[in-house]
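Report on the following structure.
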DNA sequence: CAAGTATACATAATTTTCTTATGTATAAGA
DNA sequence: TCTTATACATAAGAAAATTATGTATACTTG
């Protein structure tokens with residue numbers, strides 16, 4: 001995420017969330033999708049993405065399937081059953097976090 | 001922030017934001033204020049907070065003033081002029097970031 | 001047809017920013 | 001007296017990025 005050094009720790013959640021929406025995605029596709037959704041604001045770096053994907057796979061949340069397309073290798077990732085549960089868990093955890101963050105950033109609205 | 005390892009990188013912004021609201025605050029007070037605002041959800045650890053305060057001071061964004069209260073030392077921090085500008089900058093940077101994050105988490109709303 | 005850009009994977013070194021553990025010290029409450 | 005709260009601080013280690021590098025194929029452009 002090169003748009004700034006904000007938000008370390010949300011990349012795994014983003015990946016899981018995108019895979020809830022879309023059955024199968026490959027790494028490069030994820031970087032492009034995030035770029036598109038944020039109108040170029042988030043640029044996921046390979047050095048962050050690939051280790052994250054490998055870790056999620058190692059933890060049993062993702063499975064892979066390699067395809068050769070136009071002479072290039074693509075490694076498609078999809079959610080396992082556990083990955084599906086983890087996606088839901090991580091997303092709501094992140095949303096709760098964001099709600100709390102808003103309370104701190106806008107203290108007037110939360111408490112006096 | 002022990003509630004999770006989410007959002008590394010937002011602590012300095014939180015500190016600067018709180019000091020926009022409240023002229024002077026000391027470290028322990030900041031931990032308690034954040035705890036109060038989030039109903040106990042965010043617990044800022046000393047190991048994270050003090051180095052952050054020292055860094056912000058070293059960067060010229062905060063000035064300190066030590067007081068002895070009830071036999072205990074308190075180190076009050078307040079925003080410098082540059083700190084004030086930095087607070088505004090960091091907060092809007094974070095808010096833009098959060099808006100983009102929402103676009104990724106809720107792709108349906110952003111794009112098809 | 002050579003060079004640059006895009007696609008597609010991956011890893012290593014380094015940096016940033018936490019957590020956890022530890023240390024010092026005073027005050028208040030059980 | 002012992003535990004909890006207040007109040008500071010630093011050090012070791014872990015987590016998660018950034019930056020740099022490497023490999024390889026395809027497409028575009030001059």
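Protein chains in written order, with full-length UniProt numbering: chain A, 1 to 112; chain B, 1 to 112.
Every residue, glycine too, gets a C-beta built ideally from N, C-alpha and C.
Open item on the list: Mapping the DSSP letters down to three states, classify residue 39 of chain B as helix, strand or coil.
Closed with: coil
Task: Residues within the region 67-100 of chain B neighbouring chain A, beta-carbon criterion of under 7 Å - done: Sequence-ordered contacts of the region 67-100 of chain B with chain A read 91, 93, 94, 97, 98, 100 [C-beta pairs closer than 7 Å].
TODO: Using the Cα positions of residue 64 of chain B and residue 74 of chain A, report the straight-line distance between them to the nearest angstrom.
DONE: 55 Å
Open item on the list: Can you tell me whether residue 76 of chain B is helix, strand or coil according to DSSP?
Closed with: strand
Task: Extent of the continuous alpha helix (DSSP H) to which residue 21 of chain A belongs - done: 11-21
Task: Any C-beta of chain A under 8 Å from that of residue 21 of chain B - done: yes
- [ ] Return no unless some Cβ of chain B is closer than 8 Å to the Cβ of residue 9 of chain A.
- [x] yes
- [ ] Could you spell out where the beta strand (DSSP E) holding residue 65 of chain A opens and where it closes?
- [x] Residue 65 of chain A -> beta strand (DSSP E) spans 62-69.
Open item on the list: Does chain A have any CB closer than 8 Å to the CB of residue 44 of chain B?
Closed with: no
Task: Rounded straight-line distance, which links the Cα of residue 30 of chain B to that of residue 113 of chain A - done: Only positions 1 to 112 of chain A appear in this structure, which leaves residue 113 of chain A out of reach.
- [ ] Output yes or no for whether 8 Å exceeds the beta carbon distance between residue 100 of chain B and residue 97 of chain A.
- [x] no
- [ ] May I ask which residues mark the beginning and end of the alpha helix (DSSP H) holding residue 52 of chain A?
- [x] First-last of the alpha helix (DSSP H) with residue 52 of chain A: 46-58.
Task: Three CB pairs or more closer than 8 Å across the region 5-25 of chain B and the region 44-59 of chain B - done: yes
Open item on the list: Distance check for residue 33 of chain B and residue 61 of chain A, CA to CA, integer angstroms please.
Closed with: 37 Å
Task: Selected residue, minimal CA-CA separation from residue 9 of chain A, among A:58, A:108, A:25, A:93 - done: A:93
Open item on the list: Looking only at its chain, what residues have a beta carbon closer than 8 Å to the beta carbon of residue 106 of chain B, apart from the 5 residues adjacent to it on each side?
Closed with: Excluding positions up to five away in sequence, the list is empty.
- [ ] Using a Cβ cut-off of 8 Å (strictly closer), state whether residue 105 of chain A contacts chain B.
- [x] yes
TODO: Please report how far the alpha carbon of residue 58 of chain A lies from the alpha carbon of residue 69 of chain B, in whole angstroms.
DONE: 53 Å
TODO: Quick one: using the 10 Å Cβ neighbour count with 16 as the cut-off for buried, is residue 77 of chain B buried or exposed?
DONE: buried
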